[in-house]
Amino acid sequence: MKGLLVSCIAAFLSLSVVSATKNATICPTAIPLLRAYLGEPYYDHFYTTDAAEMQNAVTALSYSAEGSPGRVFGFQSPGTVPFYRTYNPTVYDHFYTTSLSERDNAINELGYSNEGIVGYIYTLELCYTVPLYRLYYDRPVWDHFYTSDPNERDTAQALGYTYEGIAGYILPN
22 MKGLLVSCIA AFLSLSVVSA TKNATICPTA IPLLRAYLGE PYYDHFYTTD AAEMQNAVTA
82 LSYSAEGSPG RVFGFQSPGT VPFYRTYNPT VYDHFYTTSL SERDNAINEL GYSNEGIVGY
142 IYTLELCYTV PLYRLYYDRP VWDHFYTSDP NERDTAQALG YTYEGIAGYI LPN
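Position one of the sequence shown corresponds to residue 22 (the working numbering), numbered consecutively onward.
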């Protein structure tokens with residue numbers, strides 16, 4: 022009986038190691054999507070894959086680095102779409118979307134400017150991906166917030182953010 026238990030534990034641990042190794046090597050070209058936050062009075066969440074751009078946001082613009090909700094691609098790979106970044110300087114809000122028409126509407130109708138493509142993400146849930154939740158706050162300032170953590174999503178909703186659905190799917194860290 023003891024031998025069977027040891028064998029089961031060994032098998033489980035070897036599967037865990039294989040799974041973790043497989044997870045890390047499935048998409049070795051994926052890069053961290055970095056997140057920062059600028060507090061009062063602006064309340065803006067900022068996302069980038071460029072470490073130098075993040076460093077500038079932190080040192081020159083007073084953002085606080087908040088880590089990474091996951092990994093994205095720096096180039097378009099099969100099944101991915103652009104994750105567009107826009108910015109509205111009047112309300113200090115960065116807005117991200119995979120929808121070209123939504124991006125264009127933000128630019129043409131809502132005062133946002135185009136800041137390019139942050140990275141490429143999946144629009145469909147695939148193996149080893151996690152949802153990137155999208156939330157929005159509009160009283161009295163605007164803030165778009167994206168997270169892969171359901172607890173963060175729920176906390177943001179409790180603080181008055183509106184859940185807008187899943188922006189796309191990213192790879193976990």
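C-beta: ideal position from N, C-alpha, C; glycine also.
Would you mind reading off the limits of the beta strand (DSSP E) that contains residue i?
i, result
"R174", "It is not in any beta strand (DSSP E) - R174 instead sits in the alpha helix (DSSP H) that spans P171 to A179."
"S120", "First-last for S120: undefined, no H or E at that position."
"E136", "S134 to Y143"
"T107", "T101 to N109"
Alpha carbon to alpha carbon, what distance is there between residue j and residue i?
i, j, result
"N198", "Y143", "Within the shown structure, residues of the chain are numbered from 22 to 194, placing residue 198 beyond reach of any answer."
"E146", "G95", "19 Å"
"Y182", "T101", "27 Å"
Nearest by alpha-carbon distance to residue i: which of the options is it?
i, options, result
"V139", "G60, A188, F104 and D65", "F104"
"G137", "A73, R174, P171 and T118", "T118"
"D71", "D65, P53 and P171", "P53"
"Y68", "T111, G60 and A78", "A78"
"L59", "D164, N172 and I191", "D164"
"H115", "A73, Y84, C148 and Y141", "Y84"
Just reading off the alpha helix (DSSP H) that residue i is part of, what are its end residues?
i, result
"N194", "Per DSSP, N194 belongs to no alpha helix (DSSP H) and is neither H nor E."
Quick check on residue i: does DSSP put it in helix, strand or coil?
i, result
"V162", "coil"
"T183", "strand"
"V112", "coil"
"A81", "coil"
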